[in-house]
Amino acid sequence: MTKKEYVRRYVLFILGLFILSLGIALATKGNLGVSPVSSIPYVLSLSLPFTLGQITIVIQMIYVLIEIAILRKNFKPFNFLQIGVVVLFGYFNDFSLMLVSGVHAQHYPAQWLICIISMFLIALGVNMEVRAGVLMLAIDGLVVAISKTFHIDFGKVKVVSDCTQVVIAVVCSLLLAHQLQGVREGTVAAAVFVGMIIKLYNKKLGRVFDWLGLTPIAAGQEEAEPETVPDTAPLHVITIAREVGSGGHEIGQILGQRLHMPVYDKDMLEIAAAEFDVPSEVIEKKEQRMIYSFFQNLHDENYAPLTGTDSKESRLKKVQQEVVRRMAAKEPCIIVGRLASYYLRNQPGCFHVFVHGDKAYRIRHFREENNMERNAAIQELERRDLERNRHYKFYTGMEYGEYHNYHLSIDSSVYGSIQTADIIQDAAERYFAQYSSSAS
3 MTKKEYVRRY VLFILGLFIL SLGIALATKG NLGVSPVSSI PYVLSLSLPF
53 TLGQITIVIQ MIYVLIEIAI LRKNFKPFNF LQIGVVVLFG YFNDFSLMLV
103 SGVHAQHYPA QWLICIISMF LIALGVNMEV RAGVLMLAID GLVVAISKTF
153 HIDFGKVKVV SDCTQVVIAV VCSLLLAHQL QGVREGTVAA AVFVGMIIKL
203 YNKKLGRVFD WLGLTPIAAG QEEAEPETVP DTAPLHVITI AREVGSGGHE
253 IGQILGQRLH MPVYDKDMLE IAAAEFDVPS EVIEKKEQRM IYSFFQNLHD
303 ENYAPLTGTD SKESRLKKVQ QEVVRRMAAK EPCIIVGRLA SYYLRNQPGC
353 FHVFVHGDKA YRIRHFREEN NMERNAAIQE LERRDLERNR HYKFYTGMEY
403 GEYHNYHLSI DSSVYGSIQT ADIIQDAAER YFAQYSSSAS
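Okay, so the sequence shown: first residue is 3 according to this note's numbering, each after it adds one.
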């Protein structure tokens, strides 16, 4: 980085630190509790003859000492700058409290309004700090240290850290004030929504920061996804996304036999499992159920520029994406599922199909495939539908089955598997012929 860019980043970091402290100070005026990170200092400040800023400095210094104890020789001299950040943050807290001293909430709705505004300020401050990518608060440095030293995903450590701080704050409040202070419904709201708001800022303000030359530092930034697979890739690839029970796999096999193309489905799991060095069953369960690690993944994504690491979920996505593109570049083929239509969405010569069906047909087909009782089949099909939809939305940000993401969307319950394959084959051959003529 140039000297000018360093200056911009440090200015952004300091400004973010101030906005964060302003959000924390405003949260104290709502009287609905503060965010997990500031819960311990705030609770102690209510019972001890010290300011919020002073206690924040002491608590954050303890985090620095723990970080040093964990990292030992790996604690770099540069990290001592966290001490300066701690002191500055403490003073910002007290200054911000002075700025909002005239704010008072007379009614419960007003308390929530203040709480919501504070969450947006806190999220903006964190977003600016992370975007700067130069320094971090001591608590975040400690979380990163634990994550890297013990090889635990950052998101998991961050979630445990937030929960631990809230528990300690509750205990301190009960011991010192003999009642619950500083930790209320606003604390829960901050824990739930601040991460979501940060993600919103990433989307809405990303271009503004990019325009200012403040893109995330490369060490923590995911590589940009290539728009296409290599130029040497074959021209003919069919991707089949499908609803559970619609017969998508069977249709893919029929097409593979007719067109003399290999069909990839579970094979992708085997290749991804080899990359991860775990059984394919683990990959299959994780890819469909990772949505339940929502807050963990949110932290992983929001703090990636600081941590310089990817979560297991992020690495799994990269592996599967690479496997799909590798197969597409290797030979003409048919890929069933595995988000192939999304990963190859910008690749010319790929024909994308979505196979769906009415529920009665899918239930009947699913029962026959799995030899299940009707009620059990219905419950399992609905569960898999939900997981597949969540999985697709989590990775792509889009709704599963939206017609404009495919060249052809077809109802297999109307035509049956064989006739559906006929229609797909005819449409794909027309598409490939048109593509070949335009490419030549």
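The C-beta atom is built at its ideal place from N, Cα and C for all residues, glycine as well. Nothing here was measured: the structure is a model prediction, and the numbers come from that model.
**Asked** Are the beta-carbon atoms of GLN427 and LEU261 separated by less than 8 Å?
**Response** If you check the CB distance, GLN427 and LEU261 come in under 8 Å.
**Message:** Using a 10 Å radius around the Cβ and a threshold of 16 neighbouring Cβ atoms, would you call ASN131 buried or exposed?
**Reply:** Checking the sequence, you will find Glu at residue 131 rather than Asn. By the neighbour-count rule (16 or more Cβ atoms within 10 Å), GLU131 is buried.
**Prompt:** Are the Cβ atoms of ILE148 and VAL159 separated by less than 8 Å?
**Reply:** yes
**Asked** Sorted by chain position, which residues of the same chain lie with C-beta nearer than 8 Å to ASP164's C-beta, five sequence neighbours on each side aside?
**Response** PRO38, VAL39 and ALA193
**Asked** Assuming GLY18 contacts GLY127 under a Cβ cut-off of 8 Å, what Cβ separation, rounded to an integer in Å, is found between them?
**Response** 5 Å
**Start-to-end residues for the alpha helix (DSSP H) that takes in THR166** = 156–178
**Prompt:** Who are the near neighbours of PHE94 in its chain, counting only those whose CB is closer than 7 Å to its CB and skipping five residues on each side?
**Reply:** LEU19, PHE20 and SER23
**Request:** Would you give the residue range spanned by the alpha helix (DSSP H) that HIS393 belongs to?
**Result:** 376–398
**Message:** For VAL239, list the residues DSSP reports as bridge partners.
**Reply:** CYS335 and CYS352
**Message:** Check whether the stretch 51–66 and the stretch 106–124 touch, using three or more Cβ-Cβ pairs below 8 Å as the test.
**Reply:** Too few Cβ pairs lie closer than 8 Å, so no.
**Message:** Considering only the alpha carbon of each residue, which of LEU144, VAL88 and LEU99 lies closest to ILE68?
**Reply:** LEU144
**Prompt:** Quick check: the stretch 357–373 against the stretch 247–258, are there 3 or more CB pairs under 8 Å?
**Reply:** yes
**Prompt:** Does the stretch 319–336 touch the stretch 370–387, meaning 3 or more C-beta pairs lie closer than 8 Å?
**Reply:** Of all C-beta pairs linking the stretch 370–387 to the stretch 319–336, fewer than three are shorter than 8 Å, placing the two stretches out of contact.
**Message:** Using a 10 Å radius around the Cβ and a threshold of 16 neighbouring Cβ atoms, would you call PRO43 buried or exposed?
**Reply:** That one is buried.
**Beta-carbon proximity check, ALA125 vs TYR8, cutoff 8 Å** = No, Cβ-Cβ distance for ALA125 and TYR8 is not below 8 Å.
**Request:** With DSSP as the reference, please indicate the residues paired to ASP424 in a beta bridge.
**Result:** According to DSSP, which records beta bridges pairwise, ASP424 is partnered with nothing at all.
**Whole-angstrom C-beta distance between THR189 and VAL36, which should lie under 8 Å** = 6 Å
**Prompt:** For the candidate residues TYR12, GLN167, TYR110 and LEU28, whose alpha-carbon lies nearest to that of ILE61?
**Reply:** GLN167
**Message:** Just verifying my parser: in three-state terms, what is the DSSP assignment at VAL105?
**Reply:** coil
**Message:** Does the stretch 415–427 come into contact with the stretch 395–406, if we say contact requires no fewer than three beta-carbon pairs (one atom in each stretch) closer than 8 Å?
**Reply:** Judged by pairs of C-beta atoms under 8 Å, the stretch 415–427 does not touch the stretch 395–406, as fewer than three such pairs exist.
**Message:** Any contact between the stretch 93–113 and the stretch 67–84? By contact I mean 3 or more CB pairs, one from each, below 8 Å.
**Reply:** In short, these stretches do not touch, since the Cβ pair count stays below three.
**Item:** Whole-angstrom C-beta distance between VAL355 and TYR408, which should lie under 8 Å
**Value:** 6 Å
**Prompt:** Which two residues bound the contiguous beta strand (DSSP E) that contains LEU410?
**Reply:** 410–413
**Asked** Under 8 Å, do VAL357 and ARG244 count as touching if we go by C-beta distance?
**Response** Judged by beta-carbon spacing, ARG244 lies within the 8 Å limit of VAL357, meaning their Cβ atoms are closer than that value.
**Request:** To the nearest angstrom, report how far apart ILE57 and VAL13 are at their CA atoms.
**Result:** Straight through space, the alpha carbons of VAL13 and ILE57 are spaced by roughly 25 Å.
**Asked** Based on Cα-Cα distance, which residue from LYS268, VAL169 and ARG133 lies nearest to LEU207?
**Response** ARG133
**Request:** Return the residue from the list ALA29, TYR344 and GLY157 that minimises the CA-CA distance to GLY113.
**Result:** Note on identity: in this sequence residue 113 is Gln, with Gly being the wrong assignment. It is ALA29 whose Cα lies nearest to the Cα of GLN113.
**Asked** When you compare each of GLY247, THR241 and LYS6 to ASP267 by their alpha carbons, which one comes out closest?
**Response** THR241
**Request:** Take the Cβ of SER41 as the centre, count every other Cβ of all protein chains shown within 10 Å, and call the residue buried at 16 or more, exposed below.
**Result:** buried
**Asked** What does a CB cutoff of less than 6 Å around ILE336 pick up in its chain, not counting 5 residues either side in sequence?
**Response** ILE240, GLY254, LEU257, GLY258, MET263 and VAL265
**Prompt:** Can you round the beta-carbon distance between LEU383 and VAL246 to whole angstroms, since I take them to be within the 8 Å contact cut?
**Reply:** 5 Å
**Request:** Look up ARG364 in the DSSP assignment and say whether it is helix, strand or coil.
**Result:** helix
**Request:** Kindly indicate which three-state DSSP category VAL246 falls into: helix, strand or coil?
**Result:** coil
**Spatially closest choice to ILE85 from GLU375, LEU139 and GLN381, by CA coordinates** = LEU139
**Request:** Classify ARG74 as buried or exposed, calling it buried when 16 or more other Cβ atoms lie within 10 Å of its own Cβ.
**Result:** Result: exposed.
**Message:** Could you check whether SER414 and GLY339 sit closer than 8 Å to each other, using their CB atoms as the reference points?
**Reply:** SER414 sits away from GLY339, with the two beta carbons spaced by 8 Å or more.
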